[in-house]
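Going by UniProt numbering, 96 is the number at position 96 of the sequence shown; the sequence numbering is gapless. Glycine residues also receive a C-beta, built at the ideal position from the N, C-alpha and C atoms. Notes to accompany the following structure.
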Amino acid sequence: MTLSVELLPESTLRDVIGLLVRLIESAGALIIFIGAVWAFVQFVAAGVRGRGKVAGFNRIRLSLGRFLVLGLEFQLAGDVLRTAVAPSFAEIGQLAAIAAIRTALNYFLGREIAQERAEIERGETAPPAQGGKGLPT
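And the structure:
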């Protein structure tokens, strides 16, 4: 005689997880959207102020990249959660493909963020430009 206790039926568990997945993926999309709006506002403000310096735009790109990476992490979390309850081989394959693509995106975004950060730091610690005809002022 086997005693089986089921806290939640699988269909209910799938419904609850489906709701959680939608919430997590919505949060990821919202993070990306907020980051894009923030970057656009900063870009327009820099253009209006006439400070079209590369360092200013690099800071904007760096911040946008951070929003993108965070949003993609939320999207990946939603994908992982989606396959938490009795996944089929097709779902596992889709998750693997999606995870590989998003992980690659995160990796390359992370590398670009690190490069941008290093470039900005170099620009801030570089000695001031020399005035005149190459002679120290």
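For residue j and residue i, the rounded distance between their alpha carbons
i	j	result
residue 110	residue 85	31 Å
residue 71	residue 94	19 Å
residue 20	residue 78	8 Å
residue 10	residue 75	24 Å
residue 37	residue 7	44 Å
residue 43	residue 12	46 Å
residue 18	residue 39	31 Å
residue 23	residue 91	20 Å
residue 26	residue 83	17 Å
residue 115	residue 14	42 Å
residue 88	residue 81	14 Å
Neighbourhood of residue i by C-beta, 7 Å cutoff - its chain only, sequence neighbours within 5 removed
i	result
residue 102	72, 75 and 76
residue 134	Confidence in residue 134 is poor, its pLDDT being 46 and thus under 50, which makes the residue's placement unreliable; the coordinate value appears in the next sentence. Taken in chain order, the list of residues that qualify is empty.
Expected contact under 8 Å - CB spacing of residue i and residue j to nearest Å
i	j	result
residue 113	residue 49	With a Cβ gap of about 24 Å, residue 113 and residue 49 do not count as contacting.
residue 57	residue 45	Not a contact, Cβ separation roughly 12 Å.
Own chain residues within Cβ distance below 6 Å of residue i, not counting five before or after
i	result
residue 69	106 and 109
residue 28	71, 74 and 75
residue 41	none
**Message:** Quick check: the segment 30–37 against the segment 97–109, are at least 3 beta-carbon pairs closer than 8 Å?
**Reply:** Not touching, per the Cβ criterion.
**Request:** Indicate whether the contact test is met: 3 or more Cβ pairs, each with one atom in the segment 59–66 and one in the segment 113–121, closer than 8 Å.
**Result:** As far as the Cβ criterion goes, the segment 59–66 touches the segment 113–121, which means the pair count is three or higher.
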